[in-house]
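Chains Y and Z supply the protein sequences, listed in that same order. Per the working numbering, numbering of the first sequence is gapless, rising by one per residue and ending at 339. Per the working numbering, numbering of the second sequence is gapless, rising by one per residue and ending at 282. Note that the Cβ used here is the ideal one computed from N, Cα and C, for glycine as well. First comes the structure, then the notes that go with it.
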Amino acid sequence: MSATSQGRTPAAVSDKPEDLKSPVRRRRRRLRTMTARDRIVVALLLGIPLLLDLAFVWFPAIGTILLSFTKWNGVGSLHEKTCKPNMPSILNNGCWYGVQNYHQAATIYPEFWPAVRHNLIWLAVFVVIATPLGMLFAVLLDRGLRGTRIYQSLLFLPVMLSLALIGIIWEFVYSQNYGLINTVIGRNGNDNAIDWLGNPHLNLWAVLLEATWRQAGYVMILYLAGLKAVDPTLREAALMDGANPWQTFWRVIFPVMKPINIVIMVVTVIESLRAFDLVYITNKGINGLELLSVLVTSNIVGETQRVGFGSALGVVLLVISLVPITIFLYQTFRREDTP
Amino acid sequence: MRGQIASQAFLIVASVLWILPILFALYVAVRPYSDTSKYGYVSMPHHLTFQNFRDAWSQSDMPHFFWNSVLITVPAVVIVLALAAGVAFVLVRVNVKINVALLIVFTAGNLLPQQVIITPLYRIYLKIPLPHFLADSGLMYNSIFGLIVINVSFQLGFCVFVLSNYMKSIPGEMYEAALVDGASLWTRFWRLTVPLCRPALAALATLLTTWIYNDFFWAITLMSSGDKRPVTSALANLQGQFVSNQNLIAAAAMIAAIPTLVVYLCLQRQFIAGLSLGSSKG
Chain Y
1 MSATSQGRTP AAVSDKPEDL KSPVRRRRRR LRTMTARDRI VVALLLGIPL
51 LLDLAFVWFP AIGTILLSFT KWNGVGSLHE KTCKPNMPSI LNNGCWYGVQ
101 NYHQAATIYP EFWPAVRHNL IWLAVFVVIA TPLGMLFAVL LDRGLRGTRI
151 YQSLLFLPVM LSLALIGIIW EFVYSQNYGL INTVIGRNGN DNAIDWLGNP
201 HLNLWAVLLE ATWRQAGYVM ILYLAGLKAV DPTLREAALM DGANPWQTFW
251 RVIFPVMKPI NIVIMVVTVI ESLRAFDLVY ITNKGINGLE LLSVLVTSNI
301 VGETQRVGFG SALGVVLLVI SLVPITIFLY QTFRREDTP
Chain Z
1 MRGQIASQAF LIVASVLWIL PILFALYVAV RPYSDTSKYG YVSMPHHLTF
51 QNFRDAWSQS DMPHFFWNSV LITVPAVVIV LALAAGVAFV LVRVNVKINV
101 ALLIVFTAGN LLPQQVIITP LYRIYLKIPL PHFLADSGLM YNSIFGLIVI
151 NVSFQLGFCV FVLSNYMKSI PGEMYEAALV DGASLWTRFW RLTVPLCRPA
201 LAALATLLTT WIYNDFFWAI TLMSSGDKRP VTSALANLQG QFVSNQNLIA
251 AAAMIAAIPT LVVYLCLQRQ FIAGLSLGSS KG
């Protein structure tokens with residue numbers, strides 16, 4: 001990268017036909033002319049961070065894709081030979097496995113489909129409950145009622161806490177024996193006690209309540225920022241035309257907030273795919289709380305390392321997350337690409 | 001008028017629900033173990049004490065974990081802001097042919113779920129040796145330096161995105177004036193752009209501080225020994241250590257939350273500005 005900006009001679013920098021009569025063109029030219037020292041500065045300012053980003057984010061991202069086609073336990077080296085089908089696993093290490101990892105994940109890995117389902121439920125709860133709730137908070141706070149600052153601070157408080165901490169705090173609410181809920185409904189410490197976090201039919205919903213508790217505050221702040229940026233004259237115009245608050249919001253305000261809506265959509269999808277901390281701190285992400293992120297992690301840092309298999313699960317996550325990422329990038333950079 | 005009352009009522013109920021879990025954990029933390037074991041956790045207070053906080057602080061090595069967090073968070077925040085400002089400046093103010101493409105590379109990198117890159121990253125960290133003054137493990141893996149590197153690399157994208165949006169709003173005339181005065185590229189960056197970006201940098205710094213301090217995933221996957229972990233992930237260990245005394249866990253959790261709460265209360269404006277910088281200009 002640095003090479004392209006470094007290796008250019010001054011003549012090549014100003015390759016456009018010169019039009020000295022136009023002051024704009026002349027100014028442009030001057031901006032583009034750089035001394036040798038300037039070019040070194042550019043190379044360093046751009047080169048070092050780019051190297052970091054490529055080495056520790058993009059190289060691993062591509063690495064995940066490549067590793068997903070191999071069978072490897074992390075010990076020994078990788079090679080190009082194809083895995084032999086009827087050999088014991090120990091002799092078949094570091095070999096080219098084709099799409100077998102994906103095939104196994106989809107067919108014989110018992111946690112895969114539950115994890116996919118849980119991720120989808122997570123996303124659905126964020127879309128259907130957390131996001132509208134956050135928007136509702138924002139719309140109400142934006143009306144400038146008395147005590148708005150206090151409400152805002154309280155509703156936003158969970159966003160400041162780490163998800164690991166949130167998991168610990170909510171344990172006091174959910175605990176089977178001493179938890180707030182079971183005590184209040186009189187079912188603590190006896191045979192009727194509800195095991196909110198241990199029962200695989202309940203725990204996903206219990207944890208999703210924690211996640212929603214945090215996510216709604218996050219959406220609220222993003223949406224409040226968007227609402228503040230809306231031109232107030234739009235509202236006045238709608239009022240003059242006799243629109244009620246409901247119509248004003250849906251027909252006038254909501255459409256002009258397209259950029260913020262896209263940001264919130266991206267945040268919602270990405271956060272639901274990234275979900276990990278809460279389920280991990282609650283019960284290591286097993287027994288009803290499986291998520292794709294947990295499966296990736298447990299296959300690479302556990303005792304039996306299945307690097308290729310874990311990577312295949314990572315690629316599934318990558319493919320899904322590319323959808324919102326692409327939409328966001330397209331919406332954000334489309335105007336800049338065509339000057 | 002009716003709508004106003006309904007809104008107020010809704011917001012009051014929501015606020016109470018939102019603060020309740022935190023208040024309950026705090027309440028558990030200020031009650032002695034003997035009290036809660038006798039009367040239950042949901043009961044009227046008989047004694048209130050700060051002893052749990054003192055015990056959690058001294059018995060679990062919390063000062064040590066806090067120090068780890070400081071050693072990771074402070075350098076990471078400073079480095080990522082310095083690097084991101086440089087990139088954003090070059091991409092906005094120097095006509096690099098592929099600047100939009102580069103901006104996309106940085107921005108997209110930050111949007112990937114961490115688990116997408118962890119597998120190779122883990123292997124890379126096990127392979128890269130470090131001199132012993134940087135890491136006593138001798139590797140990127142299980143070192144504070146390694147955690148700083150990944151936090152910097154991963155957060156770069158967001159900061160570049162926000163800062164480049166901010167720098168685009170600085171009028172070009174200022175740069176022309178600087179050029180007429182013969183300012184070099186470095187001077188235009190360091191003496192002109194960085195000071196003008198101070199509000200954005202302050203907002204990002206508060207945001208990054210809480211994000212990196214709150215990081216859990218990198219710390220538990222890229223560090224094997226618990227005693228090097230930052231306080232947020234060390235809490236998971238404390239949970240096992242204090243399993244019989246929930247009051248101590250509550251106190252430890254409250255102590256671990258203090259830094260981010262202080263950041264929020266003192267720098268609320270910057271914090272929220274940071275979040276909205278990343279969104280409203282998108």
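- Item | Inter-residue Cα distance where the pair is A206/Y and R123/Z | Position 206 of the first sequence holds residue 206/Y. Position 123 of the second sequence holds residue 123/Z. The straight-line gap from Cα to Cα measures roughly 35 Å.
- Query: From T64/Y, G186/Y, L50/Y, V159/Y, pick the residue whose C-alpha is nearest to that of Y41/Z; which is it?
  - Reply: Taking the first residue of the second sequence as position 1, residue 41/Z is located at position 41. It is G186/Y.
- Task: Please determine, among T64/Y, V256/Y, L145/Y, A130/Y, the residue with the shortest C-alpha to C-alpha distance to N101/Y.
- Result: Here residue 101/Y is taken as the residue at index 101 of the first sequence, counted from 1. When only C-alpha atoms are compared, the closest one is T64/Y.
- Query: Shorter than 8 Å from the beta carbon of S321/Y to some beta carbon of chain Z?
  - Reply: Along the first sequence, one-based indexing puts residue 321/Y at 321. True, the Cβ-Cβ gap to chain Z drops below 8 Å.
- Cα separation between L111/Z and V263/Y? On the second sequence, residue 111/Z is found 111 positions in, with the first residue counted as 1. On the first sequence, residue 263/Y is found 263 positions in, with the first residue counted as 1. Those two C-alpha atoms are separated by around 11 Å.
- Task: Hey, could you find the ends of the alpha helix (DSSP H) C159/Z is sitting in?
- Result: What you label residue 159/Z is simply residue 159 of the second sequence in a count that begins at 1. C159/Z -> alpha helix (DSSP H) spans 144 to 168.
- Selection from A256/Z, A82/Z, L277/Z, N68/Z that minimises the alpha carbon distance to L46/Y: On the first sequence, residue 46/Y is found 46 positions in, with the first residue counted as 1. The residue with the shortest Cα to Cα distance from L46/Y is A82/Z.
- Among residues of its own chain, excluding the 5 on either side of T344/Z, which ones have a beta-carbon nearer than 7 Å to its beta-carbon? It is not possible to answer for residue 344/Z, since the shown part of chain Z is limited to 1 through 282.
- Task: Whole angstroms is fine: what's the gap from L31/Y's alpha carbon to R191/Z's?
- Result: For the purposes of this step, residue 31/Y is identified with residue 31 of the first sequence, where counting begins at 1. For the purposes of this step, residue 191/Z is identified with residue 191 of the second sequence, where counting begins at 1. Summary for L31/Y: the model assigns pLDDT 49, below 50, so the residue's position carries little reliability; its value from the coordinates is reported in the next sentence. Using only the alpha carbons, I get a separation of about 17 Å.
- Task: May I ask you to report which of helix, strand or coil DSSP gives P45/Z?
- Result: Position 45 of the second sequence, counted from the first residue, corresponds to residue 45/Z. If DSSP states are grouped into helix, strand and coil, P45/Z belongs with coil.
- Query: What residue does the alpha helix (DSSP H) around K127/Z start on, and which one ends it?
  - Reply: The count along the second sequence starts at 1 and reaches residue 127/Z at position 127. Looking at the DSSP string, the run of the alpha helix (DSSP H) that includes K127/Z is 114 to 127.
- Item | Cutoff 6 Å; reference Q305/Y; Cβ partners in own chain excluding five residues on either side | The count along the first sequence starts at 1 and reaches residue 305/Y at position 305. Here the set comprises N73, G74.
- Message: Determine, for K21/Y, whether the minimum Cβ-Cβ distance to residues of chain Z falls below 8 Å.
- Response: To locate residue 21/Y, count along the first sequence from 1; it is residue 21. For K21/Y, the predicted structure reports a pLDDT of 47, less than 50, and the residue's modelled location is therefore unreliable. A value from the coordinates is still provided. For K21/Y, the answer is no, since every Cβ of chain Z falls outside 8 Å of its Cβ.
- Query: Mind checking F169/Z: buried by the 16 CB within 10 Å criterion, or exposed?
  - Reply: Numbered from its first residue, the second sequence carries residue 169/Z at position 169. Residue identity differs from the one stated: residue 169/Z is Ser in this sequence, not Phe. Using a 10 angstroms sphere on the CB of S169/Z, the tally of other CB atoms stays under 16, which defines it as exposed.
- Message: For T297/Y and T119/Z, I'd like the C-alpha separation in whole angstroms.
- Response: As a working note, residue 297/Y is residue 297 in the first sequence. As a working note, residue 119/Z is residue 119 in the second sequence. T297/Y and T119/Z: Cα-Cα distance of roughly 8 Å.
- Query: For the region 138 to 209 of chain Y, which segments carrying the alpha helix (DSSP H) assignment without a break, of at least 4 residues, lie completely within its bounds, in sequence order?
  - Reply: 148 to 160, 163 to 174, 180 to 184
- Under a three-way DSSP split, which group does L11/Z fall into? Position 11 of the second sequence holds residue 11/Z. Helix.
- Task: Identify the contact partners of Q241/Z in chain Y, using a Cβ-Cβ distance below 8 Å as the criterion.
- Result: Numbered from 1 along the second sequence, position 241 holds the residue referred to as residue 241/Z. Result: empty, since nearest Cβ-Cβ is about 13 Å, beyond 8 Å.
- Item | With 16 other Cβ atoms within 10 Å as the buried cut-off, status of H47/Z | For the purposes of this step, residue 47/Z is identified with residue 47 of the second sequence, where counting begins at 1. It counts as exposed.
- Message: So the candidates are A43/Y, E236/Y, A105/Y; which of them puts its Cα closest to the Cα of L91/Z?
- Response: For this step, residue 91/Z is matched to residue 91 along the second sequence. Per the Cα distances, A43/Y.
- Task: Please list the residues of the region 110 to 133 of chain Z that have a C-beta atom closer than 9 Å to any C-beta atom in chain Y, keeping them in chain order.
- Result: N110, L111, L112, P113, Q114, Q115, V116, I117, I118, T119, P120, L121, Y122, R123, I124, L126
- Task: Compare the C-beta of S184/Z with all C-beta atoms of chain Y and state if any pair is closer than 8 Å.
- Result: For the purposes of this step, residue 184/Z is taken as the residue at position 184 of the second sequence. Chain Y, which has a Cβ nearer than 8 Å to the Cβ of S184/Z, makes this yes.
- Query: What runs of the alpha helix (DSSP H), each 4 residues or longer, lie entirely inside the region 245 to 269 of chain Z?
  - Reply: Counting only runs of 4 or more residues that sit fully inside the region 245 to 269 of chain Z, the alpha helix (DSSP H) segments are 246 to 266, in chain order.
- According to DSSP, residues forming a beta bridge with K71/Y: One-based indexing of the first sequence puts residue 71/Y at position 71. Under the DSSP definition of a beta bridge, K71/Y partners with C95/Y.
- Query: So what does L139/Z bridge to, in DSSP terms?
  - Reply: As a first step, residue 139/Z must be located in the second sequence, where it is residue number 139. L139/Z is bridged to P129/Z.
- Going by CA-CA distance only, name the one from V307/Y, I325/Y, F328/Y, L318/Y that's closest to T70/Y. Sequence index remark: in the first sequence, residue 70/Y carries index 70 (1-based). Closest option to T70/Y, Cα to Cα, is V307/Y.
- My guess is that M34/Y and T260/Z are in contact by the Cβ rule of under 8 Å, so how many angstroms apart are they, rounded? As a working mapping, residue 34/Y is identified with position 34 in the first sequence. As a working mapping, residue 260/Z is identified with position 260 in the second sequence. Not really, about 43 Å apart at Cβ, beyond 8 Å.
- Item | 8 Å contact criterion, which G281/Y and G167/Y should meet: CB distance rounded | Sequence index remark: in the first sequence, residue 281/Y carries index 281 (1-based). Sequence index remark: in the first sequence, residue 167/Y carries index 167 (1-based). One point to set straight first is that residue 281/Y is Ile, not Gly, in the sequence displayed. The pair is a contact, with the Cβ atoms about 4 Å apart (cut-off 8 Å).
- Item | Residues that Q155/Z contacts on chain Y, provided the C-beta gap is smaller than 7 Å | For the purposes of this step, residue 155/Z is taken as residue 155 along the second sequence, with counting starting at 1. Result: empty, since nearest Cβ-Cβ is about 10 Å, beyond 7 Å.
- Message: Taking the alpha helix (DSSP H) that F106/Z belongs to, which residues open and close that run?
- Response: As a position in the second sequence, residue 106/Z is number 106, starting the count at 1. Run containing F106/Z: 99 to 111, per the alpha helix (DSSP H) assignment.
- Run the CB neighbour count on Q115/Z, radius 10 Å, all protein chains shown included, and call it buried at 16 or more, exposed below. In the second sequence, residue 115/Z corresponds to position 115, counting from 1. Burial call: buried.
- Cβ-based contacts, 9 Å cut-off: residues of the region 44 to 69 of chain Y near chain Z: L44, L45, L46, I48, P49, L50, L52, D53, L54, A55, F56, V57, W58, F59, P60, A61, I62, G63, T64, L66, L67, S68
- Query: Any idea what DSSP makes of T82/Y, helix, strand or coil?
  - Reply: Numbered from its first residue, the first sequence carries residue 82/Y at position 82. Reduced to three states, the DSSP call for T82/Y is strand.
- Three CB pairs or more closer than 8 Å across the region 130 to 140 of chain Z and the region 52 to 63 of chain Z: no
- Query: Nearest to I79/Z by alpha carbon, out of I22/Z, A101/Z, F154/Z?
  - Reply: As a position in the second sequence, residue 79/Z is number 79, starting the count at 1. Closest by alpha carbon: F154/Z.
- By Cβ distance, which residues of its chain are closer than 6 Å to P75/Z, with the 5 residues on each side in sequence left out? Taking the second sequence and counting its residues from 1, the one referred to as residue 75/Z is at position 75. Excluding positions up to five away in sequence, the list reads I148.
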